[in-house]
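Numbering (UniProt numbering), first residue to last: 1 to 340.
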């Protein structure tokens, strides 16, 4: 049998470009034979370009595709499909790249899709339920929804492979690098319960005006935090983010779901003490003895956070994440699926 050649199809979201976060880092640990860099191909005629040719193509593309972004990457996909045999396309952000034309372009080659959205997202998009049936193998970021996806595909072709992390960067601090400052830190945008976070933080500050609370999220989400003593950041560097992890006594994550949670793994690798507020108990990522999971109730969260006083690093949690969630380990798990 001819050797199966692996094709990476992906990009980095703007908030992950040139940072240590993001699923695109899998390409640094998994040896692909070909790379379809959708980032570069997207940007050639993106809205950032003001040339006359770019504007003309964007106008035509709005008519053909309903959006200004030109799917140039499909030309690369089609060329690889025609000129090669026995390919396996691994699409890392499938929700943004997979459509009927893509599936036609790959022909009879194998396609493996990593999905980041919960099942409910696909259920609301009937066309995606059809795509799921045409995909050879599906990789999920959360283990608890495998059955739901397999009910759609009607095959045993869905696997759980967690998100990875740059464990060489996100790590325990050396003794001279930083000290805990008693702060509470919240990080992230996707699948976050901002209303609960604001309610909890405001009450904590009412009881203790000296409590340091730092929030890292996109600027559009700063509106959820109504107390001016809540320190909101956006666009900070990886080094600054890591330092905030190191300084915090507690990382508080009010989560709607655990899916593909960069902050959870980053904080764990930095040895943070993690408190999660979520209705979802099974998190697929970390043993319960390493973290605290609370009901997403205002009184419960306030009571626990004001009583907790952990100044030591969570070394056990750090070691666990380093052993299981390095990109090298995630790449090895993914490679087995791609080659199966």
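Glycine included, each C-beta is placed from N, C-alpha and C at the ideal position.
query = If you pair each beta-carbon of the segment 316 to 329 with each one of the segment 159 to 168, do three or more pairs fall below 8 Å?
reply = yes
query = Grouping DSSP H, G and I as helix and E and B as strand, with all else coil, what is residue 342?
reply = In the structure as shown, the chain starts at 1 and stops at 340, and residue 342 therefore has no counterpart that could be examined.
request  = Out of 203, 243, 274, 20, state which residue places its alpha-carbon closest to the alpha-carbon of residue 175.
outcome  = 243
message = Along the chain, where does the alpha helix (DSSP H) containing residue 27 start, and where does it finish?
response = Careful: residue 27 lies outside any alpha helix (DSSP H) and carries neither H nor E.
inquiry  = Taking the alpha-carbon of residue 269 as reference, which of 10, 173, 79, 311 has the nearest alpha-carbon?
reply    = 173
inquiry  = When you compare the CB positions of residue 82 and residue 59, do they come within less than 9 Å of one another, or not?
reply    = no
ask   = Considering only the beta carbon of each residue, do residue 205 and residue 221 sit closer than 9 Å?
value = no
Sub-9 Å separation of residue 191 and residue 110 beta-carbons = no
task = May I ask which residues mark the beginning and end of the beta strand (DSSP E) holding residue 325?
result = Taken as a continuous stretch (DSSP letters only), residue 325 belongs to no beta strand (DSSP E), as it is neither H nor E.
inquiry  = With distance defined between alpha-carbon atoms, name the residue in 136, 152, 145 nearest to residue 126.
reply    = 152
key: Selection from 35, 148, 160 that minimises the alpha carbon distance to residue 333   = 160
inquiry  = Between the alpha carbons of residue 105 and residue 32, how many angstroms are there, rounded?
reply    = 19 Å
task = Measure the CB-CB distance between residue 272 and residue 230 and report whether it falls below 9 Å.
result = no
message = Tell me the residue span of the beta strand (DSSP E) that contains residue 292.
response = 292 to 294
inquiry  = residue 114 and residue 131 - do their beta-carbons sit closer together than 9 Å?
reply    = no
message = Helix, strand or coil, according to DSSP, for residue 59 in the structure here?
response = helix
ask   = Which class does residue 35 belong to by DSSP, given the choice of helix, strand or coil?
value = strand
query = Under three-state DSSP, which class holds residue 3?
reply = coil
ask   = Buried or exposed: residue 182, going by 16 or more other Cβ atoms within 10 Å of its Cβ?
value = exposed
ask   = residue 269 lies in the alpha helix (DSSP H); which residues open and close that run?
value = 262 to 269
ask   = Expressed to the nearest angstrom, what Euclidean distance is found between the alpha-carbon atoms of residue 256 and residue 277?
value = 8 Å
key: Residues of its chain near residue 84, where Cβ-Cβ distance is below 7 Å and the 5 sequence neighbours each way are ignored   = 5
key: Run of the alpha helix (DSSP H) containing residue 139, from where it starts to where it stops   = Residue 139 -> not in any alpha helix (DSSP H); beta strand (DSSP E) instead, spanning 137 to 140.
ask   = Looking at the unbroken beta strand (DSSP E) that takes in residue 114, where does it start and where does it end?
value = 110 to 115
task = Under 8 Å by Cβ, that's how I've got residue 216 and residue 233 pegged, so tell me the actual separation to the nearest angstrom.
result = 5 Å
ask   = If you count every other CB in all the chains shown that lies within 10 Å of the CB of residue 311, and 16 or more means buried, which is it?
value = exposed
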